[in-house]
DNA sequence: TTTTGAGTTGTTCGA
DNA sequence: GTCGAACAACTCAAA
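In this note's numbering, the protein residues as written are -19 to 430.
Spelled out as structure tokens, the structure:
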């Protein structure tokens, strides 16, 4: 049983399938340098924590190997004399290619390769328009997604069903030391958070999901990323007649939608989905690098932007509303390539998921599916006032501004005055939003007319 | 094939 | 202070 993005025992079709079809299984996880190379310490720490817990659930017999799965998996199968390898399907650009190669290699040595289940409620490729084409617009996709539906969660194997071949496990790598306050890893923590979300949060999801100062979101993204919980299990707990539940279900649909889009257009992970955006002018050079660093390390002088970027560095997570604000700032105020921001997010997010991340960024940049109108440019001050009305979120992540009065905390100029008065080290705004907004609109108009 | 209705998340300006 | 209009067409999906 080759675990990948399904680090759980509950509702795991491949695990159940393998246990039913065979006398005993050998659970395997492969640390693929290709996938861990771009993951920062936060995601690696979280992943290793998930593996530690999975190992405990598997009686300490999880086999961990490092290397290219194309060699590692067939070699491990031969070593243990496996007749078959079971795993879930992967629909990412790299995963698809890798699995074809693994399948071929296994076939050559007479080992069956069976893929069942996937990390999504509705698997990529399952839904097509009436003209048999992939969906490019969210709303029709979501209608189709709802009418297609999904299966109920399947039972967790009982201890007596969990027949694991006695085999010494590979050594788990040491977890990097991370100062960050990460979400607790693993399947049990995922269940706990799901309970809490269902009991106390989701009823108010509609009104509070955009408030970074409150605990108004699911915070399930890291668990969904690594499959500590499956969306089926979450959907099973929702009551669609409640508007907050319905709203959250839509967010799970977005996750499936972007996975579907990337499946049909694997190139869109690295290049604009709309090809005419290839020539969109972005800034580069030393000045651009300076601005990027100010953004990345939370020194732009715009409090809500800096709060978000610092939360990312410390927690490996950022509130969704703030992700949009900082993304808009990078693209529309700093005129930088969305891919620079997307890469930074992928390095630092615990929940960093290629499909959701790249397409979320492309949505903001305007180059993706269902793109925002080009004139929809977030004003970081207005957004801050509207969604962090008391300034609590900014005060938490930008301690320099902790003593700013509530009415001024989102105003760069006012905070500048406050910081001069108190000689606090908070930077002045690196750009003038009104000016950069006009500059961005001009560039967008140029793209349209050429 | 043609037509028609519709499309996550905003801001600014002027009445 | 509040409110509605302008900002732009364009393309997708289905009837």
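Beta carbons: idealized from backbone N, C-alpha and C, even for Gly.
Strand pairing of residue i, partner residues [DSSP]
{"i": "residue 389", "result": "DSSP lists no partner for residue 389."}
{"i": "residue 95", "result": "67"}
{"i": "residue 9", "result": "-17, 44"}
{"i": "residue 410", "result": "In DSSP, residue 410 forms no bridge with anything."}
{"i": "residue 144", "result": "5"}
Integer Cβ distance of residue i from residue j, believed to fall under 8 Å
{"i": "residue 95", "j": "residue 68", "result": "7 Å"}
{"i": "residue 292", "j": "residue 329", "result": "7 Å"}
{"i": "residue 312", "j": "residue 420", "result": "4 Å"}
{"i": "residue 283", "j": "residue 378", "result": "6 Å"}
{"i": "residue 78", "j": "residue 49", "result": "6 Å"}
{"i": "residue 315", "j": "residue 262", "result": "6 Å"}
{"i": "residue 208", "j": "residue -13", "result": "6 Å"}
{"i": "residue 178", "j": "residue 224", "result": "Going by Cβ atoms, the distance from residue 178 to residue 224 rounds to 11 Å, so no, they are not a contact pair."}
{"i": "residue 166", "j": "residue 29", "result": "6 Å"}
{"i": "residue 360", "j": "residue 240", "result": "In fact, because the Cβ distance is near 32 Å, the residues do not count as touching under 8 Å."}
{"i": "residue 13", "j": "residue 249", "result": "With a Cβ gap of about 18 Å, residue 13 and residue 249 do not count as contacting."}
{"i": "residue 82", "j": "residue 53", "result": "5 Å"}
{"i": "residue 133", "j": "residue 212", "result": "5 Å"}
{"i": "residue 56", "j": "residue 91", "result": "About 10 Å; that fails the 8 Å criterion."}
C-alpha distance - residue i paired with residue j, whole-angstrom precision
{"i": "residue 342", "j": "residue 331", "result": "18 Å"}
{"i": "residue 20", "j": "residue 295", "result": "12 Å"}
{"i": "residue 201", "j": "residue 298", "result": "11 Å"}
{"i": "residue 334", "j": "residue 218", "result": "26 Å"}
{"i": "residue 146", "j": "residue 65", "result": "17 Å"}
{"i": "residue 251", "j": "residue 18", "result": "18 Å"}
{"i": "residue 424", "j": "residue 356", "result": "11 Å"}
{"i": "residue 407", "j": "residue 374", "result": "14 Å"}
{"i": "residue 288", "j": "residue 106", "result": "36 Å"}
{"i": "residue 216", "j": "residue 417", "result": "44 Å"}
{"i": "residue 135", "j": "residue -8", "result": "8 Å"}
{"i": "residue 438", "j": "residue 194", "result": "The shown model of the chain, from -19 to 430, leaves out residue 438, and the question about it has no answer."}
{"i": "residue 277", "j": "residue 9", "result": "34 Å"}
{"i": "residue 383", "j": "residue 411", "result": "24 Å"}
{"i": "residue 235", "j": "residue 336", "result": "6 Å"}
{"i": "residue 38", "j": "residue 4", "result": "12 Å"}
{"i": "residue -15", "j": "residue 415", "result": "44 Å"}
{"i": "residue 42", "j": "residue 138", "result": "17 Å"}
{"i": "residue 190", "j": "residue 326", "result": "22 Å"}
{"i": "residue 353", "j": "residue 347", "result": "10 Å"}
{"i": "residue 70", "j": "residue 98", "result": "7 Å"}
{"i": "residue 114", "j": "residue 349", "result": "12 Å"}
{"i": "residue 109", "j": "residue 152", "result": "45 Å"}
{"i": "residue 426", "j": "residue 258", "result": "13 Å"}
{"i": "residue 214", "j": "residue 226", "result": "12 Å"}
{"i": "residue 242", "j": "residue 100", "result": "13 Å"}
{"i": "residue 363", "j": "residue 380", "result": "20 Å"}
{"i": "residue 307", "j": "residue 318", "result": "8 Å"}
{"i": "residue 466", "j": "residue 203", "result": "Nothing can be reported for residue 466, as the shown portion of the chain is limited to -19 through 430."}
{"i": "residue 102", "j": "residue 169", "result": "24 Å"}
{"i": "residue 290", "j": "residue 280", "result": "11 Å"}
{"i": "residue 76", "j": "residue 44", "result": "22 Å"}
{"i": "residue 260", "j": "residue 254", "result": "11 Å"}
{"i": "residue 389", "j": "residue 321", "result": "25 Å"}
{"i": "residue 6", "j": "residue 143", "result": "9 Å"}
{"i": "residue 422", "j": "residue 309", "result": "16 Å"}
Okay, do the stretch 121 to 132 and the stretch 17 to 29 touch, 3+ Cβ pairs below 8 Å being the bar? no
Hey, is the stretch 108 to 125 in contact with the stretch 224 to 242, meaning 3+ C-beta pairs nearer than 8 Å? yes
Would you check if the stretch 168 to 180 and the stretch 195 to 215 touch, i.e. whether three or more CB-CB distances between them fall below 8 Å? yes
Any alpha helix (DSSP H) of 4 or more consecutive residues that is wholly inside the stretch 258 to 307: 266 to 276, 283 to 295
Pairs of beta-carbons, one from the stretch 258 to 275 and one from the stretch 367 to 383, closer than 8 Å: are there three or more? no
Tell me whether the stretch 300 to 312 and the stretch -5 to 3 touch, counting them as touching only if at least three CB pairs, one residue from each stretch, are closer than 8 Å. no
Entirely within the stretch 136 to 202 and at least 3 residues each: give me those beta strand (DSSP E) ranges in chain order. none
Threshold first: 4 residues or longer. Then list the alpha helix (DSSP H) segments lying entirely within the stretch 308 to 381, N to C. 318 to 328, 334 to 345, 360 to 367, 372 to 377
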